[in-house]
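Asker: Just so it is clear: in the sequence shown, position 2 is 52 by our numbering, and no numbers are missing.
Cβ atoms here follow ideal geometry from the backbone N, Cα and C, with glycine treated the same way.
This structure is a prediction, so every number in the text was calculated from the model and none was measured.
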Amino acid sequence: MVAIRILFSFIAREEPALLLQCQKIRTIPLKRTEHKMVEYLEEKEMQALLDTVNINSRTGVRDKALLLLLYNTGARVSEIVELKTDNMRLLGTAQVTLMGKGKKHRTCLLWPETAQALQTYLKLRVSKDPGWVFRSNLDTDSDANWTPVPFQTGQSFQRKLSTDSDGKLTTFWLAAGMGCRFCIDGNAALENLV
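1) By the 10 Å Cβ neighbour count, where 16 or more other Cβ atoms means buried, how is alanine 125 classified, buried or exposed?
2) Check whether the Cβ atoms of valine 103 and leucine 117 sit closer than 8 Å, and answer yes or no.
3) Beta-carbon within less than 7 Å of glycine 152's beta-carbon, same chain only, minus the 5 sequence neighbours each way: which residues are those?
4) Cutting at 6 Å between CB atoms, please list the residues of its own chain near aspartate 113, excluding the five before and the five after it.
5) Got a sec? Which residues, its chain only, sit under 6 Å from leucine 133 by beta carbon, not counting five neighbours each side?
6) Report back the beta-carbon spacing between valine 146 and asparagine 137 to the nearest angstrom; my notes put them in contact at under 8 Å.
7) Roughly how many angstroms lie between the CA atoms of leucine 57 and arginine 82, to the nearest whole one?
8) Between which residues of its own chain and arginine 108 is the CB-CB distance below 6 Å, once the five residues before and five after are set aside?
9) How about leucine 168 and leucine 140: are their beta carbons less than 8 Å apart?
10) Leaving out the 5 sequence neighbours to the left and right, which residues in its chain are closer than 7 Å to arginine 55 when beta-carbon positions are compared?
11) From what residue to what residue does the beta strand (DSSP E) around methionine 96 run?
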């Protein structure tokens with residue numbers, strides 16, 4: 051509607067004979083929309099999701115690390131898919147640097163549980179060569195598996211997450227849940243909200 055108003059402002063300037071009609075069109079009110087409340091996973095719901103992961107397999111260890119990283123950082127799937135080992139520090143004050151929209155970098159502190167899950171996952175990888183943190187589903191050591199996981203795989207992962215009992219779970223809820231967890235937990239340190 052804003053674009054239409056701008057168009058008719060332009061027409062009114064260029065064609066004064068149409069000024070009256072343009073003014074009538076520009077007085078049409080903008081549509082008001084309600085902003086929905088952000089839905090998120092409670093900590094116990096996230097724990098139930100993590101409990102479904104089979105950590106006795108390499109892919110299960112990867113999935114647990116991936117879920118914890120998504121929940122901890124509030125990252126988009128595309129940010130995690132692009133994550134390289136050089137952008138992580140897992141010892142001391144564990145943190146990860148993500149590249150988001152507009153190629154903007156942001157650093158997130160990691161919970162000890164997330165750092166431990168990532169360390170376990172990185173130890174189990176076939177190759178010790180630094181590169182992309184999360185690789186394709188193939189369990190070989192070829193260079194093709196160290197390229198960023200295609201965005202389609204990120205969507206597939208999101209669809210896989212989108213099948214909870216209500217059929218409403220999304221990675222956005224993981225991100226929102228992280229922020230709400232800190233808001234609900236009065237003992238959370240402010241620096242952990244980076």
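Answerer: In brief:
1) buried
2) yes
3) A distance below 7 Å between beta-carbons, with the five flanking residues on each side excluded, links glycine 152 to no residue of its chain.
4) Val103
5) Correct list, in chain order: Val183.
6) 6 Å
7) 21 Å
8) Leaving aside the five residues that flank arginine 108 on each side, the residues in its chain whose CB is nearer than 6 Å to its CB run, in chain order, Leu174.
9) Closer than 8 Å, so yes.
10) Arg76
11) No beta strand (DSSP E) contains methionine 96, which is instead part of the alpha helix (DSSP H) from 93-101.
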